[in-house]
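Notes for the one structure printed next.
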Amino acid sequence: MDSVAQRLSVVGAGAALELRGVTRLFGALAALTDVTITVRPGERRAVLGSNGAGKTTLFNCITGDFPPSSGTIRFFGEDVTHFPPYERIRRGLRRTYQISALFPGLTVQDNVYLACRGVSRGRFSFLRPGQNDALMHATDSLVQAVHLSAVKDQRVAELAHGQQRQLEIALALAGAPRFVLFDEPAAGLSPTERAELVEILTSLPAHIGYIIIEHDMDVALRVVESVTMMHNGRIFKEGLPEEIQSDPEVQELYLGGGHE
Amino acid sequence: MSVTHDARVHARPATAQRPAVRGWPDINNPAAWIVAAILLIMPLIANGFFLIEIFATTLILGTIALSLMFLAGYGGMVSLMQLTIAGFCAYMVAVFGASGNANISLGWPWWLAVPMALTLATIFGTLGGALAVRTEGIYTIMITLAIGAAFYYFTNQNWAIFNGHTGINNVSTPHFWGVNWRSDIPFYYIVLAVAALCYFAVDYIARAPFGLALQGVRDNPRRMAALGFNVNAHRVAAYAVASFIAGLAGVLQVWNYRQISPGTVSVGACIDVLIIAIVGGIARPVGPYIGALVFVLLRTFALDFLVKIGLDGNRFRLLIGLGFLAIVFWSSDGVIGLWQRWRQSQRPRTDRPSGGPGHG
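Structure follows, in C-alpha cells:
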C-alpha cells in the first residue's frame, strides 16, 4: 500500500526537473548555495545572472558533469542525484555547452549519428549501419533541421563558428529529448544566425521544456515564459520575463550594468 | 524531429553519396590491389628467408602494432602492454599445448590450446585496460608500461609456469590434413590470412557504431557522456578488442619461433611496438604494417650495412633511432603521413581530400 502510494506520488509529481537545496562546493568556494528550482514539463525558462553567478555550475549539477555536494535532483520524478551523466541523458535530459564540445576529427554526419546512437541501443555494435538504418534517417533529418546538409561530410574542425554552434544544438536534440539545457547557444553568432536560433527554439515541440542561459536579452526573453535570476550562487528572483525586466533590484544588479 | 525545416536547403537525396563514404575506400585504390596481389604471390618471388624472416615477421609485428593503433589512433589511449598481451598469449599456447618442456606443457591439441590462450590473453588485456582507463595520457602509458615490466620480471622469476629465463622451447606447431603448417609457405599464408583479417576488422569497426563512438571518446570524452555513452565501458571494450588482436599475433609469434622466453616480452620489445606504430602512423590501420616493414628491414640489414661502411655493426639500433627521429620530425603521422603529403603535392587540385573520413 505504502509503495503503491509512493509510486503514485512519483508518477503524479508533475515536475520535469526538481532541485531541492542543491549546493556545490569547489573547495571552500560555494559555487551554488541551497538552490531550489521546480520546472514543469514543457516549460521554457531563462536563467540570468552575471558571470560567476553559478549558472553553468547549475547545469553541470543537473547533468551530473559535477555531482552536487548536497541536495537532491529529480528528473520527471526520479531521483537522479547520484546517476552518472549518461544515465540522465538516456532518460531524456540533454545539454549544450557554452564552448562547443564537438568531435573535431569526425564529420558532421558522424557527430550527429553518435548523438542519435548514444540515446538508443547498439552503442557497442560492431556492424556498420546499412542504407536504411533508422538512425541514419534520424541523423539526416537532424542535420537538415540545423541547416548543415551542405557540409555533412566535412570534418567538424573545418566548420565555421556559427556552423559549430548549430551542430552543438543538433547534438542536444537527438533521440527523444524531454528537457534540454542550453548554455549560451547564441554566443558568437551573427544577427542572422541569432534569428535562426530563435526560430529553432520557438519551433521545438511543445512537450520539450528547456532552460536557457543567455546574456542576449533579445534572444532570451523571446523564447521563454519564465525567468530565474541568479546571483552569487543563489536564486535571487523568479518570475515572468516582464516582471524580471521591470524589477528595480534586478536592473540594478544585472540589466542596469549593461549586458554583454 | 520536427525542429525547423528550411526551404532554402536543397533537399539532396541523403543516401546519394553514402556508398563511397561508408564503404571501403581501399577498393578504389589501385595501389591497394597491387600490394594485395604481391602479398598473395609472395612465395613465388621470395625465398624462405625473406618469406618468414622479413614478411611473416613484419605481418606478425604489424598486427601487434595494429592493436596499439586501434587503441591509440581511434581511442586516444597509448598502451605499452600490447606486446605483453601477445607474449602472454604465446606463453599460454606453449603452456596448454605441447612443447619440449613436458613438465610444464599440458599437451593439449592446438585447436584447444589456441582458443584457451586467446581467451586468457583477452581477459588479461581487458583487466589491464580496466586499470589503465582510470587514468589519462602519460599515466596510461606509465600503467601499461608497468604491467609490461612486471610481466617481464615475473616470467624471469617464475619457474612453475613460465620456466624462468630459459622459457619454453620446442613448442609444437599444427599438423593436419597432411600439411605441416609451420613449413614456410603454409605458415606464410596463415600469417597473411590472420593479418588481413585483423586489418579489415579494424578498418570495418572504425566505421561501425563502436568504432565511431571510440573516436568520439578520443575527441571529447565529456561530451560522449553527455550524449548517453558510458565512456569507461567503451574504453575497456576497446582494450578487449585490442587484446584479442594482440593475442592472435602472439599465437603466430610462438609458432614462428617455436619457443617463447622472457627476452621476447622485454620492456625494450614493448617500446619497439610503440616505435613501429608511430613510424608507420597511427591514423590508419595500414600504418603499423608499414612501420613493421621499416623496422624489420632495418633490424635485419642495418648491421650488414653498417659493417659495410666501416662502422660497428652493433650500432644498428642507432640507425633505427635516427630513422625514428627523422620520420617523427618530418611527419607527425609517420610514413603514411609523408606519403599522403607527397601524393597531395603531386596533385595540386584539391578535389579529393586526403585519407578516409573519420580516420583521424
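Chains as they are written, first to last, in the UniProt record's numbering: chain A, 1 to 260; chain B, 1 to 360.
The beta carbon of each residue, even a glycine, is placed where N, CA and C say it ideally should be.
| task | For B:Thr144, count neighbouring C-beta atoms within 10 Å of its own C-beta (all shown protein chains included) and say buried if the count is 16 or more, exposed if not. | result | buried
| Considering only C-alpha positions, which residue in the set B:Thr122, B:Gly97 and B:Trp111 is nearest to B:Ser67? | B:Thr122
| By the criterion of Cβ-Cβ separation under 9 Å, what are the contact partners of A:Phe126 in chain B? | Ala201, Tyr204, Ile205, Ala208, Pro209, Phe210, Gly211 and Val241
| query | Does the separation of the CB atoms of A:Gly54 and A:Met230 fall below 8 Å? | reply | yes
| request: Tell whether a beta-carbon distance below 8 Å holds between B:Val95 and B:Leu106. | output: yes
| Taking 8 Å as the CB-CB limit, is A:Arg234 close to chain B? | no
| message | I'd like to know whether the C-beta atoms of B:Thr155 and B:Phe162 end up nearer to each other than 8 Å. | response | yes
| query | In the segment 103-152 of chain B, which residue ranges form an unbroken alpha helix (DSSP H) of at least 4 residues, counting only runs that do not cross its ends? | reply | 110-132
| message | On the DSSP bridge list, what partners appear for A:Val47? | response | A:Ile213 and A:Thr228
| Excluding the five sequence neighbours on either side, which residues of its own chain have a C-beta within less than 6 Å of the C-beta of A:Pro248, listed in chain order? | none
| query | If you scan the segment 167-251 of chain B from start to end, which runs of the alpha helix (DSSP H) of 4 or more residues do you find wholly inside it? | reply | 184-206, 209-219 and 221-225
| field | Neighbour list for B:Ala121 in chain A, Cβ cutoff strictly below 9 Å | value | Ordered by position in chain A, no residue passes the 9 Å Cβ test against B:Ala121, which lies about 19 Å from the chain.
| request: Would you kindly work out how many angstroms separate the C-alpha atoms of A:Phe124 and A:Gly188, rounded to a whole number? | output: 36 Å
| Is the beta carbon of A:Val35 less than 8 Å from the beta carbon of A:Leu58? | yes
| request: Verify whether the separation of the beta carbon atoms of A:Ala30 and A:Leu221 is less than 8 Å. | output: no
| request: State yes or no: is the beta carbon of B:Gly228 nearer than 8 Å to at least one beta carbon in chain A? | output: yes
| task | Would you tell me roughly how many angstroms separate the C-alpha atoms of A:Arg155 and A:Phe26, rounded to the nearest one? | result | 36 Å
| said: Checking 8 Å against the spacing of the C-beta atoms, do A:Pro85 and B:Ala226 come in under that value? | reply: yes
| request: Report the neighbours of A:Tyr86 on chain B: residues whose CB is nearer than 7 Å to its CB, in chain order. | output: Ala225, Gly228, Phe229 and Asn230
| said: Bridge partners for A:Asp183 per DSSP, in chain order? | reply: A:Ile213
| request: Would you kindly work out how many angstroms separate the C-alpha atoms of B:Gly137 and B:Leu197, rounded to a whole number? | output: 30 Å
| said: What does the Cβ neighbour count give for A:His147, buried or exposed, with the cut at 16 atoms within 10 Å? | reply: buried
| task | On a CA-only basis, which of B:Ile141, B:Ile147, B:Thr135 and B:Leu120 is nearest B:Gly128? Give me that one, please. | result | B:Ile147
| task | With distances taken Cα to Cα, identify the nearest neighbour of A:Leu142 among A:Ala176, A:His161, A:Gln131 and A:Pro129. | result | A:Ala176
| request: Would you mind listing the alpha helix (DSSP H) stretches within the segment 246-303 of chain B that are 4+ residues and don't spill past its ends, in chain order? | output: 267-280
| message | So for A:Phe126, helix, strand or coil by DSSP? | response | coil
| query | Can you name, in chain order, every residue of its own chain whose Cβ lies under 7 Å from the Cβ of A:Gln163, other than the five neighbours on each side? | reply | Leu148 and Val151
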